[in-house]
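Asks:
In our numbering, the protein residues as written are 9 to 428.
Shown next, in the form of C-alpha coordinates:
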(Lines of atoms letter the chains of each structure in order from A; the text may use other names.)
(Lines give C-alpha, C1' and ligand atoms only; values in the text may rest on other atoms or scores of the structure.)
Protein backbone atom coordinates (compact mmCIF):
# COMPACT_ATOMS: atom_id res chain seq x y z
CA UNK A 9 0.00 0.00 0.00
CA UNK A 10 1.39 3.41 -0.97
CA UNK A 11 1.84 5.97 1.77
CA UNK A 12 -0.12 9.23 2.01
CA UNK A 13 2.42 11.22 0.00
CA UNK A 14 2.33 8.97 -3.07
CA UNK A 15 -1.47 8.96 -3.02
CA UNK A 16 -1.32 12.60 -4.15
CA UNK A 17 -2.14 13.76 -7.68
CA UNK A 18 -0.38 16.35 -9.84
CA UNK A 19 -2.36 18.28 -12.46
CA UNK A 20 -0.32 20.28 -14.98
CA UNK A 21 -2.27 23.12 -16.60
CA UNK A 22 -4.87 25.41 -15.04
CA UNK A 23 -7.31 25.73 -17.94
CA UNK A 24 -10.81 24.24 -17.91
CA UNK A 25 -9.75 20.60 -18.18
CA UNK A 26 -6.96 20.98 -15.61
CA UNK A 27 -9.13 22.94 -13.18
CA UNK A 28 -11.88 20.36 -13.46
CA UNK A 29 -9.52 17.42 -12.93
CA UNK A 30 -7.86 19.08 -9.92
CA UNK A 31 -11.09 20.10 -8.21
CA UNK A 32 -12.87 16.80 -8.80
CA UNK A 33 -9.93 14.78 -7.48
CA UNK A 34 -9.47 17.03 -4.44
CA UNK A 35 -13.18 16.99 -3.59
CA UNK A 36 -12.98 13.20 -3.72
CA UNK A 37 -10.48 13.39 -0.87
CA UNK A 38 -7.09 13.28 -2.59
CA UNK A 39 -4.17 15.63 -2.06
CA UNK A 40 -3.82 17.55 -5.33
CA UNK A 41 -1.15 19.90 -6.69
CA UNK A 42 -2.12 22.15 -9.60
CA UNK A 43 0.67 23.76 -11.66
CA UNK A 44 0.01 26.65 -14.07
CA UNK A 45 2.48 28.65 -16.16
CA UNK A 46 0.47 31.88 -16.24
CA UNK A 47 0.15 34.16 -13.19
CA UNK A 48 -3.57 33.30 -13.08
CA UNK A 49 -5.81 30.24 -13.46
CA UNK A 50 -8.47 29.78 -16.11
CA UNK A 51 -6.39 29.28 -19.23
CA UNK A 52 -7.61 30.62 -22.58
CA UNK A 53 -11.23 30.53 -21.45
CA UNK A 54 -10.49 33.54 -19.25
CA UNK A 55 -9.60 35.47 -22.43
CA UNK A 56 -12.92 34.81 -24.18
CA UNK A 57 -15.81 37.24 -24.45
CA UNK A 58 -18.41 34.47 -24.55
CA UNK A 59 -18.24 30.71 -24.82
CA UNK A 60 -20.46 27.86 -25.94
CA UNK A 61 -22.94 26.43 -25.39
CA UNK A 62 -24.64 29.16 -23.34
CA UNK A 63 -22.86 32.18 -24.88
CA UNK A 64 -22.16 33.54 -21.42
CA UNK A 65 -19.06 35.36 -20.13
CA UNK A 66 -16.24 33.07 -19.00
CA UNK A 67 -16.43 34.24 -15.40
CA UNK A 68 -19.75 32.40 -15.04
CA UNK A 69 -18.02 29.03 -15.04
CA UNK A 70 -14.65 30.16 -13.71
CA UNK A 71 -16.06 31.86 -10.62
CA UNK A 72 -17.87 28.66 -9.61
CA UNK A 73 -14.64 26.69 -9.94
CA UNK A 74 -12.63 29.23 -7.97
CA UNK A 75 -15.22 29.17 -5.18
CA UNK A 76 -14.93 25.37 -5.08
CA UNK A 77 -11.15 25.69 -4.87
CA UNK A 78 -11.38 28.05 -1.90
CA UNK A 79 -13.49 25.46 -0.08
CA UNK A 80 -11.11 22.62 -0.90
CA UNK A 81 -8.22 22.37 1.61
CA UNK A 82 -6.67 19.40 -0.17
CA UNK A 83 -5.98 21.43 -3.34
CA UNK A 84 -2.76 23.44 -3.50
CA UNK A 85 -1.93 25.44 -6.63
CA UNK A 86 1.19 27.09 -8.03
CA UNK A 87 1.07 29.86 -10.64
CA UNK A 88 4.00 31.08 -12.74
CA UNK A 89 5.16 27.50 -12.45
CA UNK A 90 6.42 24.88 -14.89
CA UNK A 91 7.27 21.20 -14.58
CA UNK A 92 10.97 20.77 -15.28
CA UNK A 93 11.37 17.04 -14.85
CA UNK A 94 9.48 13.85 -14.05
CA UNK A 95 11.11 10.63 -12.87
CA UNK A 96 9.94 7.47 -11.18
CA UNK A 97 6.92 5.33 -11.86
CA UNK A 98 3.20 5.07 -11.21
CA UNK A 99 2.58 5.54 -7.50
CA UNK A 100 6.02 7.07 -6.93
CA UNK A 101 6.83 10.00 -9.24
CA UNK A 102 9.39 12.64 -8.36
CA UNK A 103 8.55 15.96 -10.02
CA UNK A 104 10.62 19.15 -10.09
CA UNK A 105 8.55 22.32 -10.50
CA UNK A 106 10.22 25.66 -11.33
CA UNK A 107 8.56 28.70 -9.74
CA UNK A 108 9.26 32.01 -11.47
CA UNK A 109 9.25 35.10 -9.24
CA UNK A 110 6.08 37.21 -9.15
CA UNK A 111 7.83 39.80 -6.95
CA UNK A 112 4.52 40.16 -5.08
CA UNK A 113 3.71 38.04 -2.04
CA UNK A 114 0.51 36.85 -0.36
CA UNK A 115 0.03 40.17 1.44
CA UNK A 116 -1.19 41.78 -1.79
CA UNK A 117 -4.76 43.13 -1.61
CA UNK A 118 -4.88 44.20 -5.28
CA UNK A 119 -5.21 47.83 -4.20
CA UNK A 120 -3.30 49.01 -7.29
CA UNK A 121 -0.97 51.45 -5.54
CA UNK A 122 2.04 49.81 -7.20
CA UNK A 123 0.54 50.39 -10.66
CA UNK A 124 -0.21 54.01 -9.80
CA UNK A 125 3.44 54.57 -8.90
CA UNK A 126 4.71 52.78 -12.01
CA UNK A 127 5.41 54.63 -15.27
CA UNK A 128 6.94 51.76 -17.25
CA UNK A 129 4.59 50.00 -19.68
CA UNK A 130 4.81 46.60 -21.36
CA UNK A 131 2.78 44.78 -24.02
CA UNK A 132 -0.33 43.30 -22.45
CA UNK A 133 -0.12 39.49 -22.85
CA UNK A 134 -3.72 38.99 -21.75
CA UNK A 135 -4.89 41.08 -24.72
CA UNK A 136 -2.48 39.36 -27.14
CA UNK A 137 -0.24 42.45 -27.09
CA UNK A 138 -2.89 44.68 -28.67
CA UNK A 139 -2.44 47.32 -25.96
CA UNK A 140 -0.10 48.29 -23.15
CA UNK A 141 -0.31 47.66 -19.42
CA UNK A 142 1.72 48.99 -16.51
CA UNK A 143 4.76 46.85 -15.67
CA UNK A 144 3.17 46.44 -12.22
CA UNK A 145 -0.13 44.88 -13.23
CA UNK A 146 -3.08 42.71 -12.35
CA UNK A 147 -3.28 40.08 -15.14
CA UNK A 148 -6.99 40.83 -15.58
CA UNK A 149 -9.89 42.18 -13.53
CA UNK A 150 -11.11 38.81 -12.28
CA UNK A 151 -7.71 37.13 -11.99
CA UNK A 152 -7.37 34.21 -9.58
CA UNK A 153 -5.31 34.60 -7.50
CA UNK A 154 -6.22 38.29 -7.29
CA UNK A 155 -2.63 39.44 -6.96
CA UNK A 156 -0.42 41.84 -8.89
CA UNK A 157 2.71 40.89 -10.83
CA UNK A 158 5.87 42.90 -11.45
CA UNK A 159 7.53 42.46 -14.81
CA UNK A 160 11.24 41.55 -14.53
CA UNK A 161 12.13 44.64 -16.58
CA UNK A 162 10.56 46.83 -13.88
CA UNK A 163 12.41 44.98 -11.12
CA UNK A 164 15.72 45.70 -12.87
CA UNK A 165 14.86 49.37 -13.46
CA UNK A 166 15.58 52.48 -11.43
CA UNK A 167 11.90 52.92 -10.48
CA UNK A 168 11.56 49.51 -8.81
CA UNK A 169 12.23 50.93 -5.35
CA UNK A 170 9.64 53.69 -5.84
CA UNK A 171 7.04 51.08 -6.78
CA UNK A 172 7.96 48.97 -3.76
CA UNK A 173 7.62 51.94 -1.42
CA UNK A 174 4.17 52.73 -2.82
CA UNK A 175 2.77 49.44 -1.49
CA UNK A 176 1.13 50.03 1.93
CA UNK A 177 1.06 46.31 2.75
CA UNK A 178 4.73 45.36 2.26
CA UNK A 179 3.59 42.97 -0.47
CA UNK A 180 6.41 43.69 -2.94
CA UNK A 181 9.57 41.60 -2.64
CA UNK A 182 12.19 42.66 -5.18
CA UNK A 183 14.54 39.92 -3.99
CA UNK A 184 12.38 37.00 -5.12
CA UNK A 185 14.29 34.51 -7.23
CA UNK A 186 13.54 31.41 -9.26
CA UNK A 187 12.87 28.46 -6.97
CA UNK A 188 12.40 24.74 -7.49
CA UNK A 189 9.81 22.73 -5.59
CA UNK A 190 10.18 18.96 -5.38
CA UNK A 191 6.91 17.00 -5.33
CA UNK A 192 6.30 13.31 -4.82
CA UNK A 193 3.04 12.21 -6.42
CA UNK A 194 1.31 8.99 -7.32
CA UNK A 195 -0.13 10.02 -10.67
CA UNK A 196 -0.05 12.94 -13.13
CA UNK A 197 -2.72 14.59 -15.28
CA UNK A 198 -1.21 16.53 -18.20
CA UNK A 199 -3.57 19.31 -19.33
CA UNK A 200 -1.38 22.02 -20.82
CA UNK A 201 -3.91 22.79 -23.55
CA UNK A 202 -3.31 24.57 -26.83
CA UNK A 203 -2.03 27.70 -28.47
CA UNK A 204 -3.24 29.55 -31.58
CA UNK A 205 -1.37 28.51 -34.68
CA UNK A 206 1.34 30.99 -35.63
CA UNK A 207 -0.28 33.06 -38.39
CA UNK A 208 3.11 34.55 -39.22
CA UNK A 209 3.65 31.32 -41.15
CA UNK A 210 0.70 32.16 -43.42
CA UNK A 211 2.60 34.62 -45.57
CA UNK A 212 -0.18 34.97 -48.15
CA UNK A 213 -2.57 36.38 -45.54
CA UNK A 214 -0.46 39.27 -44.28
CA UNK A 215 -1.03 38.69 -40.56
CA UNK A 216 1.47 40.74 -38.58
CA UNK A 217 2.07 42.90 -41.65
CA UNK A 218 -1.41 44.27 -42.28
CA UNK A 219 -2.87 45.80 -39.08
CA UNK A 220 -6.48 45.00 -40.00
CA UNK A 221 -5.82 41.28 -40.34
CA UNK A 222 -6.37 39.83 -36.88
CA UNK A 223 -6.93 36.36 -35.42
CA UNK A 224 -10.00 34.86 -33.83
CA UNK A 225 -8.46 35.00 -30.34
CA UNK A 226 -7.72 38.71 -30.84
CA UNK A 227 -11.35 39.22 -31.91
CA UNK A 228 -12.48 37.77 -28.57
CA UNK A 229 -10.44 40.38 -26.73
CA UNK A 230 -11.76 43.21 -28.92
CA UNK A 231 -15.33 42.19 -28.05
CA UNK A 232 -14.66 41.73 -24.32
CA UNK A 233 -15.55 44.63 -21.98
CA UNK A 234 -12.14 44.30 -20.30
CA UNK A 235 -10.33 44.15 -23.63
CA UNK A 236 -8.10 46.74 -25.31
CA UNK A 237 -11.06 48.72 -26.70
CA UNK A 238 -13.47 48.17 -23.76
CA UNK A 239 -15.58 45.86 -25.87
CA UNK A 240 -15.86 47.93 -29.05
CA UNK A 241 -14.89 46.08 -32.22
CA UNK A 242 -12.65 48.60 -33.97
CA UNK A 243 -10.08 48.50 -36.75
CA UNK A 244 -6.58 48.40 -35.25
CA UNK A 245 -5.21 50.70 -37.97
CA UNK A 246 -7.40 53.72 -37.27
CA UNK A 247 -9.85 52.86 -34.47
CA UNK A 248 -12.84 53.11 -36.81
CA UNK A 249 -15.88 50.85 -36.74
CA UNK A 250 -15.67 48.28 -39.55
CA UNK A 251 -18.56 48.17 -42.00
CA UNK A 252 -17.48 44.99 -43.80
CA UNK A 253 -15.85 42.06 -42.00
CA UNK A 254 -14.50 38.80 -43.42
CA UNK A 255 -13.97 35.63 -41.40
CA UNK A 256 -11.48 33.32 -43.08
CA UNK A 257 -11.90 29.71 -41.98
CA UNK A 258 -9.16 27.07 -41.79
CA UNK A 259 -6.38 29.67 -41.57
CA UNK A 260 -3.59 27.13 -41.25
CA UNK A 261 -5.92 24.20 -40.46
CA UNK A 262 -6.65 21.30 -42.81
CA UNK A 263 -3.48 22.22 -44.66
CA UNK A 264 -0.65 19.74 -45.16
CA UNK A 265 1.87 22.59 -44.91
CA UNK A 266 0.57 23.74 -41.52
CA UNK A 267 -2.01 21.95 -39.32
CA UNK A 268 -3.39 19.00 -41.33
CA UNK A 269 -6.32 18.42 -38.95
CA UNK A 270 -9.62 20.18 -38.24
CA UNK A 271 -9.61 22.06 -34.93
CA UNK A 272 -13.40 21.51 -34.60
CA UNK A 273 -14.23 24.83 -32.90
CA UNK A 274 -13.25 27.39 -35.55
CA UNK A 275 -16.48 27.39 -37.58
CA UNK A 276 -18.59 27.95 -34.50
CA UNK A 277 -16.15 30.53 -33.13
CA UNK A 278 -16.47 32.61 -36.30
CA UNK A 279 -20.25 32.31 -36.30
CA UNK A 280 -20.30 33.35 -32.65
CA UNK A 281 -18.05 36.32 -33.43
CA UNK A 282 -20.30 37.31 -36.33
CA UNK A 283 -23.03 37.81 -33.71
CA UNK A 284 -20.69 40.13 -31.79
CA UNK A 285 -20.35 42.26 -34.93
CA UNK A 286 -24.05 42.25 -35.76
CA UNK A 287 -25.04 43.23 -32.20
CA UNK A 288 -22.70 46.23 -32.25
CA UNK A 289 -23.20 47.25 -35.87
CA UNK A 290 -26.69 46.42 -37.21
CA UNK A 291 -25.79 47.55 -40.73
CA UNK A 292 -22.42 45.77 -40.96
CA UNK A 293 -21.93 43.13 -43.65
CA UNK A 294 -20.22 39.87 -42.72
CA UNK A 295 -18.74 37.21 -45.02
CA UNK A 296 -17.67 33.80 -43.72
CA UNK A 297 -15.32 32.04 -46.17
CA UNK A 298 -15.28 28.29 -45.54
CA UNK A 299 -14.32 24.89 -46.91
CA UNK A 300 -16.98 22.98 -44.94
CA UNK A 301 -19.12 24.16 -42.04
CA UNK A 302 -18.79 21.88 -39.05
CA UNK A 303 -21.46 22.42 -36.42
CA UNK A 304 -22.64 19.18 -34.88
CA UNK A 305 -25.37 18.08 -32.51
CA UNK A 306 -27.28 20.86 -30.74
CA UNK A 307 -25.01 23.53 -32.26
CA UNK A 308 -26.54 22.92 -35.69
CA UNK A 309 -29.38 25.18 -34.54
CA UNK A 310 -26.91 27.99 -33.90
CA UNK A 311 -25.57 27.62 -37.44
CA UNK A 312 -29.10 27.87 -38.84
CA UNK A 313 -29.77 31.00 -36.79
CA UNK A 314 -26.64 32.76 -38.05
CA UNK A 315 -27.28 31.65 -41.62
CA UNK A 316 -30.74 33.26 -41.53
CA UNK A 317 -29.22 36.69 -40.87
CA UNK A 318 -29.48 38.57 -44.21
CA UNK A 319 -26.29 40.50 -43.41
CA UNK A 320 -24.20 37.34 -43.01
CA UNK A 321 -23.03 35.61 -46.19
CA UNK A 322 -21.56 32.11 -46.15
CA UNK A 323 -19.11 31.88 -49.07
CA UNK A 324 -17.84 28.40 -49.94
CA UNK A 325 -14.25 28.85 -51.03
CA UNK A 326 -10.75 29.00 -49.57
CA UNK A 327 -9.11 32.42 -49.58
CA UNK A 328 -5.92 32.27 -51.65
CA UNK A 329 -4.43 35.66 -50.84
CA UNK A 330 -5.04 38.85 -48.88
CA UNK A 331 -3.60 42.19 -50.02
CA UNK A 332 -3.78 45.63 -48.47
CA UNK A 333 -4.60 49.00 -49.98
CA UNK A 334 -1.83 51.03 -48.37
CA UNK A 335 -3.80 54.28 -48.54
CA UNK A 336 -6.97 53.07 -46.79
CA UNK A 337 -5.60 49.95 -45.05
CA UNK A 338 -8.60 48.11 -46.48
CA UNK A 339 -8.10 44.50 -47.50
CA UNK A 340 -8.73 42.71 -50.78
CA UNK A 341 -9.38 38.96 -50.69
CA UNK A 342 -8.82 36.72 -53.68
CA UNK A 343 -11.00 33.65 -53.49
CA UNK A 344 -12.61 31.05 -55.71
CA UNK A 345 -16.28 30.28 -55.26
CA UNK A 346 -16.14 26.48 -55.35
CA UNK A 347 -19.87 26.24 -55.99
CA UNK A 348 -19.62 28.16 -59.27
CA UNK A 349 -15.88 27.77 -60.08
CA UNK A 350 -15.57 31.56 -60.42
CA UNK A 351 -12.78 33.80 -59.12
CA UNK A 352 -13.59 36.84 -56.97
CA UNK A 353 -11.79 39.83 -55.53
CA UNK A 354 -13.69 41.24 -52.53
CA UNK A 355 -12.85 44.20 -50.31
CA UNK A 356 -13.24 44.38 -46.52
CA UNK A 357 -12.47 46.76 -43.67
CA UNK A 358 -11.43 44.00 -41.26
CA UNK A 359 -10.37 40.35 -41.69
CA UNK A 360 -10.47 37.75 -38.92
CA UNK A 361 -8.41 34.60 -39.41
CA UNK A 362 -9.87 31.48 -37.81
CA UNK A 363 -6.57 30.02 -36.67
CA UNK A 364 -6.39 26.41 -35.51
CA UNK A 365 -5.60 24.83 -32.15
CA UNK A 366 -2.01 23.64 -31.95
CA UNK A 367 -1.37 21.39 -28.94
CA UNK A 368 1.22 22.80 -26.56
CA UNK A 369 2.79 19.34 -26.45
CA UNK A 370 3.71 19.59 -30.15
CA UNK A 371 6.76 21.67 -29.24
CA UNK A 372 6.81 21.33 -25.43
CA UNK A 373 6.47 17.61 -24.86
CA UNK A 374 5.68 15.93 -21.57
CA UNK A 375 9.00 15.34 -19.73
CA UNK A 376 8.26 11.61 -19.63
CA UNK A 377 7.84 8.84 -22.17
CA UNK A 378 4.33 9.12 -23.63
CA UNK A 379 2.99 8.47 -27.15
CA UNK A 380 1.97 11.26 -29.53
CA UNK A 381 -0.10 11.23 -32.69
CA UNK A 382 1.08 12.70 -36.00
CA UNK A 383 -0.07 16.18 -34.94
CA UNK A 384 1.61 16.43 -31.53
CA UNK A 385 -1.40 15.55 -29.38
CA UNK A 386 -0.85 13.01 -26.62
CA UNK A 387 -2.21 9.90 -28.28
CA UNK A 388 -4.32 8.49 -25.46
CA UNK A 389 -6.20 9.40 -22.30
CA UNK A 390 -4.05 6.71 -20.64
CA UNK A 391 -0.76 8.11 -21.91
CA UNK A 392 1.46 5.91 -19.72
CA UNK A 393 1.14 4.08 -16.41
CA UNK A 394 0.28 6.81 -13.91
CA UNK A 395 0.11 9.60 -16.54
CA UNK A 396 -3.07 10.64 -18.34
CA UNK A 397 -3.84 13.46 -20.76
CA UNK A 398 -6.87 15.73 -20.66
CA UNK A 399 -8.60 18.34 -22.80
CA UNK A 400 -6.83 19.91 -25.75
CA UNK A 401 -3.60 18.15 -24.84
CA UNK A 402 -5.34 15.05 -26.19
CA UNK A 403 -7.67 16.35 -28.90
CA UNK A 404 -9.18 19.62 -30.16
CA UNK A 405 -12.17 20.40 -27.94
CA UNK A 406 -14.57 23.08 -26.85
CA UNK A 407 -15.15 24.20 -23.27
CA UNK A 408 -17.87 21.70 -22.35
CA UNK A 409 -15.92 18.81 -23.87
CA UNK A 410 -12.78 19.91 -21.99
CA UNK A 411 -14.69 19.89 -18.72
CA UNK A 412 -15.97 16.39 -19.42
CA UNK A 413 -12.46 15.25 -20.31
CA UNK A 414 -11.11 16.77 -17.10
CA UNK A 415 -13.63 14.78 -15.09
CA UNK A 416 -12.61 11.60 -16.91
CA UNK A 417 -8.94 12.33 -16.20
CA UNK A 418 -9.70 12.88 -12.50
CA UNK A 419 -11.37 9.46 -12.35
CA UNK A 420 -8.39 7.85 -14.12
CA UNK A 421 -5.98 9.52 -11.69
CA UNK A 422 -8.00 8.38 -8.67
CA UNK A 423 -8.12 4.83 -10.03
CA UNK A 424 -4.35 4.94 -10.54
CA UNK A 425 -3.47 5.83 -6.95
CA UNK A 426 -6.23 3.58 -5.56
CA UNK A 427 -4.60 0.58 -7.24
CA UNK A 428 -1.33 1.08 -5.43
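Glycine included, each C-beta is placed from N, C-alpha and C at the ideal position. Nothing here was measured: the structure is a model prediction, and the numbers come from that model.
Mind checking who residue 342 pairs with in its DSSP beta bridge?
Replies: Residue 342 is bridged to 329, 353.
Asks: Can you tell me where the beta strand (DSSP E) with residue 160 in it begins and where it stops?
Replies: Counting along the chain, residue 160 falls outside any beta strand (DSSP E), though it belongs to the alpha helix (DSSP H) covering 160 to 163.
Asks: Where does residue 12 fall in DSSP's three states?
Replies: Here the model assigns residue 12 a pLDDT of 43, short of 50, so the residue's position is not dependable, and the following value carries that caveat. Reduced to three states, the DSSP call for residue 12 is coil.
Asks: Under the three-state reduction of DSSP, which class applies to residue 84: helix, strand or coil?
Replies: strand
Asks: Grouping DSSP H, G and I as helix and E and B as strand, with all else coil, what is residue 27?
Replies: helix
Asks: Once you ignore the five residues that flank residue 25 on each side, which residues in its own chain have a CB closer than 6 Å to its CB?
Replies: 199, 398, 399, 410, 413, 414
Asks: Kindly indicate the opening and closing residues of the alpha helix (DSSP H) around residue 275.
Replies: 274 to 288
Asks: At the level of alpha carbons, what is the spacing between residue 12 and residue 423?
Replies: Any reading at residue 12 must be qualified, since the residue scores a pLDDT of 43, below 50, and its modelled position is unreliable; no value is offered.
Asks: Does DSSP put residue 414 in a helix, in a strand, or in coil?
Replies: helix
Asks: State the start and end residues of the unbroken alpha helix (DSSP H) segment that holds residue 487.
Replies: Given that the chain is displayed from residue 9 to residue 428, the structure contains no residue 487 and the question cannot be resolved.
Asks: Taking buried to mean at least 16 other C-beta atoms within 10 Å of its own C-beta, is residue 308 buried or exposed?
Replies: exposed
Asks: How would you call residue 287, buried or exposed, if buried means at least 16 neighbouring beta carbons within 10 angstroms?
Replies: exposed
Asks: Are the CB atoms of residue 315 and residue 323 within a distance shorter than 8 Å?
Replies: For residue 323 and residue 315, no; Cβs fall outside 8 Å.
Asks: Cutting at 6 Å between CB atoms, please list the residues of its own chain near residue 9, excluding the five before and the five after it.
Replies: Its pLDDT being 36, under 50, residue 9 is placed unreliably by the model, and the measurement read from it follows with that caveat. There are no such residues.
Asks: Following the continuous alpha helix (DSSP H) through residue 122, name the residue where it begins and the one where it ends.
Replies: 121 to 125
Asks: Between which two residues does the beta strand (DSSP E) containing residue 203 stretch?
Replies: 202 to 204
Asks: By the 10 Å Cβ neighbour count, where 16 or more other Cβ atoms means buried, how is residue 164 classified, buried or exposed?
Replies: Flag for residue 164 reads exposed.
Asks: Please say whether residue 396 and residue 417 have beta carbons closer to each other than 8 Å?
Replies: yes
Asks: So, for residue 86: in the same chain, excluding its five sequence neighbours on each side, which residues have a beta-carbon less than 8 Å away from its beta-carbon?
Replies: 41, 42, 43, 44, 105, 107, 189
Asks: With which residues is residue 131 paired in a DSSP beta bridge?
Replies: 140
Asks: Could you check the C-alpha separation between residue 136 and residue 122 for me, to the nearest Å?
Replies: 23 Å
Asks: Could you tell me the alpha carbon to alpha carbon distance between residue 350 and residue 325, rounded to whole angstroms?
Replies: 10 Å
Asks: With residue 260 and residue 210 assumed to form a contact (beta carbons below 8 Å), what rounded beta-carbon distance in angstroms separates them?
Replies: 6 Å
Asks: From residue 317 to residue 53, what does the alpha carbon distance come to, in whole angstroms?
Replies: 27 Å
Asks: I need the DSSP call for residue 224, collapsed to helix, strand or coil.
Replies: helix
Asks: Buried or exposed for residue 133, please, with buried defined as at least 16 other CB atoms from any protein chain shown within 10 angstroms of its CB.
Replies: exposed
Asks: Tell me which residues share the same chain as residue 427 and place their Cβ nearer than 6 Å to its Cβ, disregarding the 5 neighbours each side in the sequence.
Replies: Around residue 427: no qualifying Cβ.
Asks: Ordered along the chain, which non-local residues of its own chain (more than five positions away) have a Cβ less than 8 Å from that of residue 171?
Replies: 122, 125, 126, 144, 158, 162, 180
Asks: In terms of DSSP beta bridges, what is residue 295 paired with?
Replies: 254, 321
Asks: Rounded to whole angstroms, what is the Cα-Cα separation between residue 356 and residue 251?
Replies: 8 Å
Asks: DSSP three-state label for residue 408, please.
Replies: helix
Asks: Please list the segments of the beta strand (DSSP E) lying wholly inside the stretch 357 to 403, counting only runs of 3 or more residues, in order along the chain.
Replies: 358 to 363, 365 to 367, 390 to 392, 395 to 397
Asks: Looking at the secondary structure, which residues open and close the alpha helix (DSSP H) in which residue 173 lies?
Replies: If you look at residue 173, you'll find it in the alpha helix (DSSP H) that goes 168 to 174.
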